[in-house]
Amino acid sequence: MMEEDCETLMDIWHHFARVYILGKKRMEDSLQIMQLKPIEVRILHHLSEENSNVNRLAEMNFVTPAWITGVLDDLESKGFIERSRNPADRRVVNVEITERGRQVLTESHRIYINFIRESISSFSREEIDEFTRLLKKIEESLGELPLS
């Protein structure tokens, strides 16, 4: 590999990392008004599509069940989720979203949409399509992330 290629690749990585960090920080700041964290929104979003359990939520977020339990404690104390023991296997803790959780999720989606809209406001329709295509291509080249 030529030296210029290394510099270009490092420049790409630098910008990729910086966009992630800046976006994450801005999203955290935007959600703070609702006293929510991005991980909590991800969990509520998943639960809005299907009920789940602690182990599955931990796997999906690449964390341990013990770590996700702390997040679920916060969501439950805010009235956004309910937990219950699985009657078929008492070791399994089921998790479901409440109506209040659905309401706050709807509002958080508005925040996400506005954030994304602002982030790409200078893009043309063609640039948005190309950017989406390239992101999907990067995602495919990275492959599936392991769940453990």
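Mapping of the sequence shown onto this note's numbering: position 107 corresponds to residue 142, and the numbering continues sequentially without gaps. Think of the CB as a built atom: it goes at the ideal place given N, C-alpha and C, for glycine as much as any other residue. Predicted model, so just to flag it, every value in this text is computed and none were measured.
Taking all protein chains shown into account, do 16 or more other C-beta atoms lie within 10 angstroms of the C-beta of Glu75, making it buried, or fewer, making it exposed?
Classification of Glu75: buried, given that the 10 Å Cβ count is 16 or more.
Does the contact criterion of 3 or more C-beta pairs under 8 Å hold for the segment 50-61 versus the segment 84-97?
No: fewer than three Cβ pairs fall under 8 Å.
Other residues of its chain near Ser183: CB distance less than 7 Å, five sequence neighbours each side excluded
Note that Ser183 scores 41 on pLDDT, short of 50, meaning its location in the model is unreliable and no value can be drawn from it.
When you compare the CB positions of Asn129 and Asn88, do they come within less than 8 Å of one another, or not?
Yes, the Cβ-Cβ distance between Asn129 and Asn88 is below 8 Å.
Using a Cβ-Cβ cutoff of less than 8 Å, which residues in the same chain neighbour Glu42 once the five nearest sequence positions on both sides are dropped?
Excluding residues up to 5 positions away in sequence, nothing lies with its Cβ nearer than 8 Å to the Cβ of Glu42 in the same chain.
Nearest-angstrom Cα distance between Pro73 and Ala123?
Going by the C-alpha atoms only, they are around 32 Å apart.
Residue(s) in a DSSP beta bridge with Asn129:
DSSP lists Asn88 and Ser119 as partners of Asn129.
Going straight from the alpha carbon of Glu134 to that of Ser83, what length do you get?
If you draw a straight line from the Cα of Glu134 to the Cα of Ser83, it comes to about 10 Å.
Can you have a look at Ser112 and say buried or exposed, based on whether 16 or more other CB atoms are within 10 angstroms of its CB?
By the 10 Å Cβ count, Ser112 comes out exposed.
Can you check whether the CB of Phe115 is closer than 8 Å to the CB of Leu92?
A distance of 8 Å or more separates the beta carbons of Leu92 and Phe115.
What's the C-alpha gap between Val139 and Glu131?
Spanning the two alpha carbons is a distance of roughly 14 Å.
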